[in-house]
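K.L.:
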Amino acid sequence: MEAAQVKVSRKKERTVVTLSGEMIIANVGELRQRLLQAFAAGKPVELCVAGVTGIDVTGLQLLCSCHRTSVDRGIPCTVTGHNEALAAIAEVAGMPRLKGCVTDVDGTCFWRTDTDMVTL
Amino acid sequence: MSDAFAQAFKDEARELLADLEEALLEMEENPADLGLVGRVFRTMHTIKGSGAMFGFDDIASFTHNVETVYDLVRNGELAVSKQLVNLSLAARDRILAMLEAAESGQPADAQRNEEVIRGFKSLVPGRAGDAPEPDRKVAPEEAAPAAPMVTYRIRFKPEGGIFASGVNPLSLLRELQELGPCRIVANTCEMQTLDALDPELCYLYWDVILSTSAGRDAIDDVFIFVVDCCELTVTVVDDGTDEAAGGYKKLGEILIERGDLTPQQMDELLGKQKKFGELALEAGLVNAATLTSALVEQQHVKEMRQERQSQAQTQEAASSIRVSADKLDLLVNLVGELVTVQARLSLVAQELKRHSELVSVAEEVERLTNDLRDNALDIRMLPIGATFSKFKRLVRDLSAELGKEIELTTEGAETELDKTVIEKLNDPLVHIIRNSIDHGVETPEARMAKGKPRSGKIHLAAVHSGDSVLITIRDDGAGLNVDAIRAKAIERKIIPQGADLSDREIWQLIFAPGFSTAAKVTSVSGRGVGMDVVKQAIEGLRGSIDVKSEPDRGTCITLKIPLTLAIIESLLVQIGKDRFVMPLAMVDECILLTEKEIEQGHGRDLLLVREQLVPYVPLRKMFRIQGKAPAIQQVVICQLEGKRVGLVVDWVIGEHQTVIKSLGRMYQQVEGMSGATILGDGSVALILDIPAIFKAAEKEP
């Protein structure tokens, strides 16, 4: 198993979280802690997923939860780094959708298929 | 009754029986496929009908009993069982036996016919109480590939702690996708923010719309291990019976059916003139994920229905069409003519080189003609697999009869050969495999004694090699017994006493007419007809046959068969004013022959090529062509049964695309010619049959 690596770099304008390795149940606990730290800075959060090599349902949930947190706290959160493998798994899991969830008032959901925002 | 008609019936019946056998073996694997049952029934019916018409009353009345049973199966009153398949296979063999009995004039074993018929009668319900209950395990509508597509709505809501038990919902979803066209929507409405999230719990649940013909059981099987730790609802939403409307339910109806919205709520919303989905969302009655999944269901079922409709319309105009073989033959013939005319055009263009326009058109025509030729020949290509699969039964039955354990493995079933070649290959292959089973592979006891595995192997392989296909039949049996073959050949005066022959030459003796080393004649082989017939048939296909054998390691017979019989690459040569072609595949090299070298042979037609003696045949002398040979002639050296032999001609002109035309019936007995072709200038060139030429030359004093 490839261990996940998280790099949180605090820029002037935003906080960039670079995720790599596998986002699976074995390390989602640790990932959650690091993501919470990223949001704690209060600046816009950018999740770079280009280096993610595998993901399971818990990993997908974590991404979804980041979005909820962003809406809840009013901190913008975006996903960057196109990742085909990740998109394929998200497809199997039925994540892509036309409209975001109840909390997605501004249409910032990661999984929306009708905007260019979809990076997964 | 005319013999010609009876023969036509026998030919047809044989084809039908082959088809029947294939259908029965397939039915054994797919007992619920009613299409196969129909095929069996129709075949039996045809045999019965035409049998009665041509005076084969025994076959007709026998088949009638079988047909009666299949009528019940077809109507669903009787299930396909192992017993039925076994009986049907036996019945097929009895029909064949009756057919052969009619040919040989000896009556077929009536008692065995009776046994089979009694077996069939006992299957008919209500006729015999003691009949064993047929195997009804497989319910027809479930396993059958022909079963209708049913669309299900599946809501899969795992318990929060499902990950702790090692379940990966993704793999369940993947399994569902394997069942058929499938749309999955994850519902995220229970998702939490990072602070509140326990990352090891499951917050998602899924709505899946799945169209499958595998049935409800297959869906339940996917969830069999998680059924205790999830909420699972499976509902049929479209089973293809309600086709009146091409579309599907309205969105509101779907939501109500799912229990996500009440009718009252919907009525209230419908009062407003907006898109229903947006209204429902704005009103906060349903969440977006619920809506998405309902929309997906609507779209999915609509698409499935449209597809079903368009399928019904275009069922006849499928992606492939059935064309009669005659039409294809005509096409290939026409292409052959075109190739000939094109050669002529190229020739004319060569002579009129000044007209560069003409040359470029001729070149273009040549390119197109070559493409057209390749395509036309390709249409007639069939995979050899169908022929291979026939041998499975042959091996199964024969090895059982002889008390041997033999496994047939095949390789390269997808290798394609011209249809006409495949048809002519069947008999030779049957002979070779029969020989392997009877003479090659030993009994289990003998094999154990030799320290070999108990069950023998016969391996049948086909592979492309240039413009030919190599078919290999390899067994791991006893191998050819060189001493026994030599002794038998001397006894039959095929070779003189004390002849010094290499192993290879001795192996070739098995192809001599009437040759058999079997001590006793079995039902399988030993009558001494077979291998010479094989050799003739393969040579008739312009192919060659090669034997290799190692004592106790087995025998390997390789057939080299040209891909097609219609057009070949060949070498064009000239003797006097006449031109001849020979298959390029057999040609090794061309060398010069001077008068001095002929003198050095001292009257024997032998030539020293790189310190090896090569026998040659002066074709001018053999064909009694008038006139004098040029001072320097040319020898075309060919490969023949592993030896190098030469043919002396005046000039070698060059390579030529030869469209083979058969010689008229008058000339079919002429030795040394296998056909004719028309050259670019319209003249005729004969195609040399090289093996026959050397056979004739060997016989000459």
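Protein sequences appear in the order of chains A and B. So that you can map any letter, position 12 of the first sequence is 12 in UniProt numbering, and since no number is skipped, the others follow by simple counting. So that you can map any letter, position 444 of the second sequence is 444 in UniProt numbering, and since no number is skipped, the others follow by simple counting. C-beta atoms are modelled at their ideal positions from N, C-alpha and C, and glycine is treated no differently. From a predicted model like this one, the values you see are computed outputs, not experimental measurements.
Comparing alpha-carbon positions, which option in B/N168, B/R258, B/E698 and B/Q192 lies nearest B/R604?
P.N.:
For B/R604, the nearest C-alpha among the options comes from B/E698.
K.L.:
In the DSSP assignment, what residue or residues form a beta bridge with B/P615?
P.N.:
Bridge partners of B/P615: B/L606.
K.L.:
With distances taken from CA atoms, which of B/T68, B/A13 and B/V73 is nearest B/A34?
P.N.:
Reading off the sequence, residue 34 of chain B comes out as Leu, not Ala. Measuring from the Cα of B/L34, the nearest candidate turns out to be B/V73.
K.L.:
Assign B/T262 to one of three DSSP states: helix, strand, or coil.
P.N.:
Coil at B/T262, not helix or strand.
K.L.:
Less than 9 angstroms between the beta carbons of B/T387 and B/L338, yes or no?
P.N.:
Going by C-beta atoms, B/T387 is not nearer than 9 angstroms to B/L338.
K.L.:
Checking contacts by CB at 9 angstroms: is B/Q298 closer than that to chain A?
P.N.:
False, the Cβ-Cβ gap to chain A never drops below 9 angstroms.
K.L.:
Measuring only the C-alpha atoms, how far is residue 709 of chain B from B/D217?
P.N.:
In the structure as shown, chain B begins at 1 and stops at 701. Residue 709 of chain B is therefore absent and cannot be evaluated.
K.L.:
Below 8 angstroms on the Cβ atoms is my contact criterion, and I expect B/F156 with B/C230 to pass it. Report the Cβ-Cβ distance as a whole number of Å.
P.N.:
About 6 angstroms separates the two Cβ atoms, so the contact holds.
K.L.:
For the beta strand (DSSP E) that B/P383 lies in, which residues bound it at each end?
P.N.:
Its beta strand (DSSP E) spans residues M381 to P383.
K.L.:
How many angstroms separate the CA atom of B/L345 from the CA atom of B/A413?
P.N.:
Roughly 40 angstroms between the two C-alpha positions.
K.L.:
Leaving out the 5 sequence neighbours to the left and right, which residues in its chain are closer than 7 angstroms to B/R373 when beta-carbon positions are compared?
P.N.:
The residues are V335, V339 and I567.
K.L.:
Helix or strand or just coil, what does DSSP make of B/P148?
P.N.:
Three-state result, B/P148: coil.
K.L.:
Taking only beta carbons into account, state which residues of the region 184 to 203 of chain B come closer than 8 angstroms to chain A, listed in chain order.
P.N.:
Per Cβ criterion, the list reads I184, V185, A186, T188, C189, M191, Q192, T193, L194, D195, L197, P199, E200, C202 and Y203.
K.L.:
Could you tell me which chain B residues have their CB closer than 9 angstroms to the CB of A/C77, listed as they occur along the chain?
P.N.:
Result: empty, since nearest Cβ-Cβ is about 10 angstroms, beyond 9 angstroms.
K.L.:
Distance check for B/S88 and B/K10, CA to CA, integer angstroms please.
P.N.:
If you take the alpha carbons of B/K10 and B/S88, they lie about 20 angstroms apart.
K.L.:
Looking at B/L382 and B/H459, is the spacing between their C-beta atoms short of 9 angstroms?
P.N.:
No, they are not a contact pair.
K.L.:
With DSSP as the reference, label B/T68 as helix, strand or coil.
P.N.:
Three-state DSSP puts B/T68 in a helix.
K.L.:
Roughly how many angstroms separate the alpha carbons of B/G325 and B/D378, rounded to a whole number?
P.N.:
As written in the sequence, residue 325 of chain B is Ala, which differs from the Gly given in the question. If you take the alpha carbons of B/A325 and B/D378, they lie about 13 angstroms apart.
K.L.:
Please confirm whether B/D207 and B/T151 have their CB atoms less than 9 angstroms apart.
P.N.:
No, these two residues do not count as a Cβ contact at 9 angstroms.
K.L.:
Who are the Cβ neighbours of B/P145 in its own chain at under 6 angstroms, not counting the five residues just before and after it?
P.N.:
Reliability of the predicted coordinates at B/P145 is poor, the pLDDT of 43 falling under 50, and the value obtained from them is presented with this limitation in mind. Answer for B/P145: no residue qualifies.
K.L.:
Name the chain A residues whose beta carbon is nearer than 7 angstroms to that of B/A289?
P.N.:
Result: R97 and C101.
K.L.:
Straight-line CA distance for B/V286 to A/W111?
P.N.:
Each residue's alpha carbon lies about 19 angstroms from the other.
K.L.:
Can B/E411 and B/Q508 be called in contact, C-beta distance under 9 angstroms?
P.N.:
Not a contact, by the Cβ cut-off of 9 angstroms.
K.L.:
If we define contact as Cβ-Cβ less than 9 angstroms, is B/P583 a contact residue for chain A?
P.N.:
No, B/P583 lies away from the interface with chain A (no Cβ there is under 9 angstroms from its Cβ).
K.L.:
Start and end of the beta strand (DSSP E) containing B/P583?
P.N.:
First-last of the beta strand (DSSP E) with B/P583: D578 to P583.
K.L.:
Specify the secondary structure class of B/G675 as computed by DSSP and reduced to three states.
P.N.:
B/G675: strand per DSSP, three-state reduction.
K.L.:
Is there a C-beta anywhere in chain A that falls below 9 angstroms from the one on B/Q265?
P.N.:
No, its Cβ sits nowhere closer than 9 angstroms to a Cβ of chain A.
K.L.:
If the cut is a Cβ gap below 7 angstroms, which residues of chain B does A/C66 touch?
P.N.:
Going along chain B in sequence order, the residues near A/C66 (Cβ under 7 angstroms) are L194.
K.L.:
Can you tell me which of the three DSSP states B/A6 falls into?
P.N.:
B/A6: helix per DSSP, three-state reduction.
K.L.:
In terms of residues, what are the limits of the alpha helix (DSSP H) holding B/W507?
P.N.:
Looking at the DSSP string, the run of the alpha helix (DSSP H) that includes B/W507 is D503 to Q508.
K.L.:
How would you list, in chain order, the residues of chain B whose beta-carbon sits under 9 angstroms from the beta-carbon of A/A93?
P.N.:
Ordered by position in chain B, the residues that pass the 9 angstroms Cβ test against A/A93 are P169, L170, L173, I184, A186, L204 and W206.
K.L.:
Among the residues of its own chain, which have a CB less than 7 angstroms from the CB of B/G277, if the five just before and after it don't count?
P.N.:
Hits under 7 angstroms: L251, L291 and L295.
K.L.:
What are the partner residues of A/M23, as DSSP defines its beta bridges?
P.N.:
Bridge partners of A/M23: A/I55.
K.L.:
Cutting at 6 angstroms between CB atoms, please list the residues of its own chain near A/C101, excluding the five before and the five after it.
P.N.:
No residues qualify anywhere along the chain.
K.L.:
To the nearest angstrom, how far is it from the Cα of B/R527 to the Cα of B/P428?
P.N.:
Interpretation of B/R527 is limited by its pLDDT of 43, a score under 50 that renders its predicted location unreliable; the figure taken from the coordinates is listed afterwards. Answer to the nearest angstrom: the Cα atoms are 15 angstroms apart.
K.L.:
Using three-state DSSP, classify B/E175 as helix, strand or coil.
P.N.:
Residue state, collapsed to three classes: helix.
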